[in-house]
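Enquirer: Numbered by the numbering used here, the letters in the sequence shown go through residues 1 to 251 in order. For every residue, glycine included, the Cβ atom is placed at its ideal position computed from N, Cα and C. These figures come from a predicted structure and were not determined experimentally.
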Amino acid sequence: ADLGTTGNPKFNHITASKNISASGDIINTGNVTSDGTGSFDGGITLADNKFLSIGSGGDLNLRHNGSNSFITDNGTGDLYIRAADNFIVQATSTNEDMIKAIKDGAVELYHNNVKKLETEVGGINVTGHITASEQIRATDITLRNDGTGDDHPLISLRNDARNVAAAMALRFSSGSYDSNPATTPGAAQIAFTPLTQQFVIMNNSGDGSLLFGTSGSNQMVLASDGRVGVGTMNPPTDMKITVAGDISASG
């Protein structure tokens, strides 16, 4: 040991069976080994590229390399981060939220401090658009206006085995959603039914007519009772097919 006369005392090796107390700095160039615990009223400062090692085999390391900070799990098993209440990741300089994991609740993802995705009991809520480079797969896809009153307009792509034997249907509704627009007022559908190999276009709203048009104008109507009008939208009730204009046929 070198106790010195003007500087700090220097020790090559210290063995103590009780506490070591210091009111100033303790500078160590070797290892500090302890069978007990250490208590610090201040902090622990490590230089760049020095790490805090936890575990008998250096299983968990914390370090900063001068540019970035790292939490490195080198051991066996998983890395758990446990929070007594909520788990929140924020930006240091602005305290902007980036990730929130709410205890017994949602997980939220943020973009520039604005929540964009949130989990819920029935799935997820997304604010903004969704861009996919490949397929988006779902049993049912429903697009609706979740404002006040009835959910309309509604478009639903459904794999519906309950009514039409797994038909893939594009469905529209001007009222509350119903799984079978064929019997629901204010609903219509375009569907393919694999069971019967039928392609179905059905309108159950208004007077039930189907209109066909070109260039922004109606050209043909199929009325709800089966009457067809070509060039007229009001075919006579006593005619099945009415054509306004000439008819040309060959063969």
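Can you check DSSP and say which residues form a bridge with His-64?
Expert: Here residue 64 refers to the residue found at position 64 when the sequence shown is read from its first residue. Paired residues: Ser-69.
Enquirer: Could you spell out where the beta strand (DSSP E) holding Met-202 opens and where it closes?
Expert: As a first step, residue 202 is located in the sequence shown; it is residue number 202 there, counting from the start. Counting along the chain, the beta strand (DSSP E) containing Met-202 begins and ends at 198 to 203.
Enquirer: In the DSSP assignment, the beta strand (DSSP E) including Thr-119 goes from what residue to what residue?
Expert: Here residue 119 corresponds to residue number 119 of the sequence shown, with the count starting at 1. Counting along the chain, the beta strand (DSSP E) containing Thr-119 begins and ends at 114 to 120.
Enquirer: Under the three-state reduction of DSSP, which class applies to Ser-53: helix, strand or coil?
Expert: Translated into positions along the sequence shown, residue 53 becomes position 53. Strand at Ser-53.
Enquirer: Could you have a look at Tyr-80 and say whether DSSP puts it in helix, strand or coil?
Expert: Here residue 80 is taken as the residue at index 80 of the sequence shown, counted from 1. It is coil, neither helix nor strand.
Enquirer: Nearest-angstrom Cα distance between Ala-249 and Val-228?
Expert: Walking along the sequence shown from the start, residue 249 turns up at place 249. Walking along the sequence shown from the start, residue 228 turns up at place 228. Distance between the alpha carbons of Ala-249 and Val-228: 18 Å.
Enquirer: Whole angstroms are fine: how far does the CA of Ala-191 sit from the CA of Met-220?
Expert: Counted from its first residue, the sequence shown places residue 220 at position 220. Counted from its first residue, the sequence shown places residue 191 at position 191. Cα to Cα, the separation comes out at about 21 Å.
Enquirer: Grouping DSSP H, G and I as helix and E and B as strand, with all else coil, what is Val-107?
Expert: Numbered from 1 along the sequence shown, position 107 holds the residue referred to as residue 107. If DSSP states are grouped into helix, strand and coil, Val-107 belongs with the strands.
Enquirer: From the DSSP output, in three-state form, read off Lys-240 for me.
Expert: Along the sequence shown, read from residue 1 onward, the residue named residue 240 stands at position 240. It is coil, neither helix nor strand.
Enquirer: If you reduce the DSSP assignment to three classes, tell me which class Lys-18 lands in.
Expert: Along the sequence shown, one-based indexing puts residue 18 at 18. Looking at Lys-18 - three-state DSSP - the assignment turns out to be coil, as it is neither helix nor strand.
Enquirer: Does Asn-28 pass the burial test, meaning 16 or more other C-beta atoms within 10 Å, or should it be called exposed?
Expert: Working through the sequence shown from its first residue, we reach residue 28 at position 28. Classification of Asn-28: exposed, given that the 10 Å Cβ count is below 16.
Enquirer: Let me know the secondary structure DSSP gives Ala-217 once reduced to three states.
Expert: Sequence index remark: in the sequence shown, residue 217 carries index 217 (1-based). The identity of residue 217 in the sequence shown is Ser, whereas the question assumes Ala. Note: Ser-217 maps to strand in three-state DSSP.
Enquirer: Among the residues of its own chain, which have a CB less than 6 Å from the CB of Ile-88, if the five just before and after it don't count?
Expert: Counting from one through the sequence shown, the residue named residue 88 turns up at place 88. Within the same chain, Ile-88 has close Cβ partners Lys-100.
Enquirer: Who are the Cβ neighbours of Ala-223 in its own chain at under 8 Å, not counting the five residues just before and after it?
Expert: Along the sequence shown, read from residue 1 onward, the residue named residue 223 stands at position 223. Answer for Ala-223: Asp-207, Gly-208, Ser-209, Gly-229, Pro-235, listed in chain order.
Enquirer: For Gly-245, I'd like the list of residues in its chain whose CB is within less than 7 Å of its CB, leaving aside the five on either flank, ordered along the chain.
Expert: Residue 245 sits at position 245 when you count from the first residue of the sequence shown. The residues are Gly-231.
Enquirer: Shortest alpha-carbon distance to Leu-52 belongs to which of Asp-85, Gly-66, Ser-67, Ile-71?
Expert: By one-based count along the sequence shown, residue 52 stands at place 52. The shortest Cα separation from Leu-52 among Asp-85, Gly-66, Ser-67, Ile-71 belongs to Ile-71.
Enquirer: Can you name, in chain order, every residue of its own chain whose Cβ lies under 7 Å from the Cβ of Glu-120, other than the five neighbours on each side?
Expert: For this step, residue 120 is matched to residue 120 along the sequence shown. These residues qualify, in order along the chain: Ala-106.
Enquirer: Nearest to Phe-11 by CA position, among Ser-17, Ser-23, Asn-19, Gly-30, is which residue?
Expert: Against the sequence shown, residue 11 aligns to sequence position 11. Among Ser-17, Ser-23, Asn-19, Gly-30, the Cα nearest to that of Phe-11 is on Gly-30.
Enquirer: By the DSSP assignment, the beta strand (DSSP E) with Gly-229 in it spans what residues?
Expert: Translated into positions along the sequence shown, residue 229 becomes position 229. Looking at the DSSP string, the run of the beta strand (DSSP E) that includes Gly-229 is 228 to 230.
Enquirer: Measuring straight from C-alpha to C-alpha, what distance separates Asp-85 and Asn-95?
Expert: Within the sequence shown, residue 85 is the residue found at index 85, counting from 1. Within the sequence shown, residue 95 is the residue found at index 95, counting from 1. Going from the Cα of Asp-85 to the Cα of Asn-95 covers about 18 Å.
Enquirer: Please classify Ala-188: is it buried, with 16 or more other beta-carbons within 10 angstroms of its beta-carbon, or exposed?
Expert: Residue 188 sits at position 188 when you count from the first residue of the sequence shown. Answer is buried; the Cβ neighbour count reaches 16.
Enquirer: For the beta strand (DSSP E) holding Asn-31, just list the boundary residues, first then last.
Expert: Along the sequence shown, read from residue 1 onward, the residue named residue 31 stands at position 31. Element bounds for Asn-31: n/a, residue is neither H nor E.
Enquirer: Give the DSSP-derived three-state secondary structure of Gln-189 in the structure shown.
Expert: Here residue 189 refers to the residue found at position 189 of the sequence shown. Note: Gln-189 maps to strand in three-state DSSP.
Enquirer: Out of Ile-201, Met-239, Tyr-110, state which residue places its alpha-carbon closest to the alpha-carbon of Val-126.
Expert: To locate residue 126, count along the sequence shown from 1; it is residue 126. Among Ile-201, Met-239, Tyr-110, the Cα nearest to that of Val-126 belongs to Tyr-110.
Enquirer: Taking 7 Å as the cut-off, is the CB of Ala-249 close to at least one heavy atom of the ligand FAD?
Expert: The ligand FAD is not part of this structure, which contains no ligands at all.
Enquirer: Since Asn-125 is in the beta strand (DSSP E), which residue starts that stretch and which ends it?
Expert: Along the sequence shown, read from residue 1 onward, the residue named residue 125 stands at position 125. First-last of the beta strand (DSSP E) with Asn-125: 123 to 126.
Enquirer: Output the distance between the C-alpha atoms of Ser-56 and Thr-131, rounded to the nearest integer angstrom.
Expert: Taking the first residue of the sequence shown as 1, we reach residue 56 at position 56. Taking the first residue of the sequence shown as 1, we reach residue 131 at position 131. For Ser-56 and Thr-131, the distance between alpha carbons rounds to 46 Å.
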